[in-house]
Amino acid sequence: MLDAFFQGAHQVFAFDTLLYMLIGSVAGIVAAAIPGFTVTMAIILTLPLTFAMEPLQGISVMLAVYVGGYTGGLISAALLGIPGTPSSVATTFDAFPMARNGEPGRALSLGVWASFFGTIISTLVLIVAAPPLAIVAVRLGPWEYFSLIVFALTIVASLVGNSLIRGLIAGVIGLGLATIGPDPMMGRPRLTFDMDLLSPGLPFLVVLIGIFAISQLLGEVEVHGKKVNHALIPKSIDFKTWEVMREVLGRPVNLIRSSMVGVVIGALPGAGGSIANLLAYDQAKRSSKTPEKFGQGIADGVVASEAGNSATAGGGLIPLISLGIPGSAVDAILMASLMVHGVSVGPRLILDHADLVYGMFIALTVASFMMLVVCVASMRLFLRVTDIPKQFIVPTVMICCVIGAFALNNRVGDLYLLGIIGLVGYILKCLDYPLAPLVLGVILGPIAETNLRRALMSDGDWTVFLTRPISALFLAAAVLSVIFSIRSIWKAHKKDNGQKGAVV
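Mapped onto UniProt numbering, the consecutive letters of the sequence shown carry residue numbers 1 to 504.
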């Protein structure tokens with residue numbers, strides 16, 4: 001075992017491997033910072049470049065892109081209010097308001113340090129607890145997955161501010177958008193109205209860019225005509241990286257809880273950072289003594305989201321290494337890379353290729369430190385975005401969004417959808433409807449439908465959802481989630497009415 005560890009370390013710490021990993025880390029950060037480009041796309045572009053490398057060297061480079069990509073989405077989320085990747089959706093809730101309040105440096109630093117510690121914690125869990133967690137994850141059937149999605153959908157109630165009805169309406173709109181296009185099980189067209197534009201469905205990334213990016217940019221154009229300030233966020237920058245590190249470590253409960261949420265969600269095949277960041281944010285808000293401050297630029301919100309989504313990096317490797325089951329699309333690409341090099345992925349991976357597995361553990365840790373160094377060193381460069389006048393940055397970001405939407409499938413029709421969805425998002429925003437529940441509905445709708453149909457095809461008795469312990473646990477948590485949210489909103493209204501009475 002010790003020999004295998006040193007063999008893996010020797011390969012990872014080779015100069016050429018470290019150099020390639022550094023390049024990969026920078027590439028992952030930059031790619032994820034561009035709205036519309038995801039971690040998966042960055043990994044796919046990296047895969048052909050690793051074919052000529054040794055197996056561990058190639059995997060190490062891809063892990064560097066992986067870790068960098070989970071952090072890169074923070075940059076546009078904090079500075080532009082546009083999540084660079086789906087796993088950064090919840091980061092916009094507090095990082096962008098914090099930047100708008102004159103603390104862009106603090107917002108970025110909080111996210112970077114939370115991502116770093118989240119990845120390190122998930123790596124430790126991966127090393128220590130991979131076998132038992134993987135066994136639990138692989139035993140979950142469609143009943144458990146559907147109940148998990150129902151639980152995740154109830155988070156809508158805690159992301160809607162003081163209007164439960166508006167939040168639920170936005171969530172239903174998201175679920176409705178998810179039903180347009182091919183049936184996820186049979187491939188038959190649904191709700192396309194014989195329109196070629198709708199026949200492929202609504203690509204999730206097009207919806208994400210339209211709802212968050214285009215609506216945000218339209219709002220900036222409107223505000224530009226009313227205000228003298230031409231910057232997206234204030235120019236006064238307070239940049240104290242090491243103080244922020246102590247601030248993140250001063251929230252150990254939130255940091256560890258959010259990281260563990262990311263590990264568990266990452267270990268569930270098909271879940272990933274897009275769910276983990278919302279779940280971690282939700283749990284942080286529920287556990288806070290001041291939940292009303294979430295969404296206004298509170299540090300706990302940034303820490304929870306970034307620690308949660310970054311921790312899925314280690315969590316997703318748990319079922320891959322232990323059982324040969326990829327936890328996400330990115331893990332599936334990592335698995336394909338190993339298979340191209342003739343490495344059989346499965347329960348015997350750690351027995352037959354111990355040096356490779358230990359090397360992956362080391363590479364994931366090294367990639368975390370590289371991401372941290374790159375982000376801290378280039379932080380001031382990222383913050384230069386604040387000096388760019390709005391009349392320049394808005395069209396530039398708009399062009400990046402259009403390129404990202406088109407590059408996904410190379411379909412001109414997606415650009416029409418982008419404009420329509422962006423306009424819908426802008427209208428909903430003007431009407432004070434929250435956009436996060438809509439995006440959550442689009443993400444989770446197809447997963448919920450697929451698992452519900454699989455469960456009913458396996459056993460038509462719906463009571464199985466209640467008799468399987470883990471499924472029943474998730475459904476009970478969903479009920480409690482709704483009750484807790486209604487109670488919190490009711491208490492907030494009562495508090496507001498009390499204050500108004502006191503003023504009168």
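All C-beta atoms, glycine included, are put in the ideal place defined by N, C-alpha and C.
From the options, residue whose alpha carbon lies closest to that of residue i
i	options	result
LEU45	ALA107, PHE204, MET62	MET62
SER115	PRO182, ILE256, LEU49, ALA9	ILE256
PRO446	SER471, ARG190, THR290, THR312	ARG190
GLU144	LEU480, LYS491, LEU466, ALA14	LEU466
MET185	SER344, ALA52, ALA448	ALA448
GLY171	GLY425, PHE474, GLN7, ASP355	GLY425
LEU282	PRO86, SER60, VAL261	One point to set straight first is that residue 282 is Asp, not Leu, in the sequence displayed. With distances taken between Cα atoms, ASP282 lies closest to VAL261.
VAL330	TYR66, ALA32, ASP16, ALA52	TYR66
ASN101	VAL366, GLY297, LEU364	GLY297
VAL373	LEU278, SER25, PRO252	SER25
ASP300	GLY422, ASN277, THR312, ILE121	ASN277
ASP183	ILE169, GLY174, GLY201	GLY201
MET379	ILE75, VAL248, THR50	ILE75
THR154	ARG139, LEU175, GLY141, LEU49	LEU175
LEU126	ILE403, ILE321, ILE420, ILE483	ILE321
Between the CA atoms of residue j and residue i - distance to the nearest angstrom
i	j	result
LEU431	PHE93	18 angstroms
PHE5	PRO203	43 angstroms
residue 528	GLY219	Outside the shown range of the chain, which is 1 to 504, sits residue 528, and nothing can be said about it.
THR71	ASP461	43 angstroms
ILE82	ALA284	22 angstroms
PHE406	ALA27	20 angstroms
VAL376	ALA304	20 angstroms
VAL343	PHE15	24 angstroms
LEU198	GLY8	49 angstroms
VAL12	ALA354	14 angstroms
residue 506	ASP414	Since the displayed the chain opens at 1 and closes at 504, residue 506 lies outside it and no answer follows.
VAL442	LEU208	9 angstroms
THR463	LEU351	41 angstroms
ILE362	THR119	12 angstroms
ASN451	GLY422	30 angstroms
ALA213	LEU428	14 angstroms
SER109	PHE96	13 angstroms
LEU79	THR312	24 angstroms
ALA107	MET98	6 angstroms
LYS494	LYS289	17 angstroms
LEU19	GLY68	15 angstroms
THR386	SER471	Summary for THR386: the model assigns pLDDT 49, below 50, so the residue's position carries little reliability; its value from the coordinates is reported in the next sentence. Rounded to whole angstroms, THR386 to SER471 spans 47 angstroms at the Cα level.
Residue i classed as buried or exposed, judged by whether at least 16 other C-beta atoms fall within 10 angstroms
i	result
PHE193	exposed
TRP113	buried
GLU243	exposed
ALA178	buried
LEU334	buried
ASN309	buried
MET339	exposed
GLN57	buried
GLN216	buried
PRO469	exposed
PRO104	buried
GLY181	buried
residue 509	Here the chain covers residues 1 to 504 and nothing more, so residue 509 does not appear.
SER485	buried
Unbroken alpha helix (DSSP H) run spanning residue i, endpoints
i	result
MET98	91–100
SER88	It is not in any alpha helix (DSSP H) - SER88 carries neither H nor E in the DSSP assignment.
PHE5	2–12
THR154	THR154 -> no alpha helix (DSSP H), and no H or E assigned at all.
ALA64	55–79
ALA213	That residue, ALA213, is in no alpha helix (DSSP H); it is neither H nor E in DSSP.
TRP462	Looking at the DSSP string, TRP462 is not in any alpha helix (DSSP H), and its letter there is neither H nor E.
ARG257	252–267
LEU202	Careful: LEU202 lies outside any alpha helix (DSSP H) and carries neither H nor E.
ASP16	15–33
THR50	THR50 -> no alpha helix (DSSP H), and no H or E assigned at all.
Cβ separation of residue i and residue j, assumed to be a contact under 8 angstroms, to the nearest whole Å
i	j	result
PRO434	GLY167	5 angstroms
GLY316	GLY266	4 angstroms
VAL366	MET21	7 angstroms
THR123	LEU364	5 angstroms
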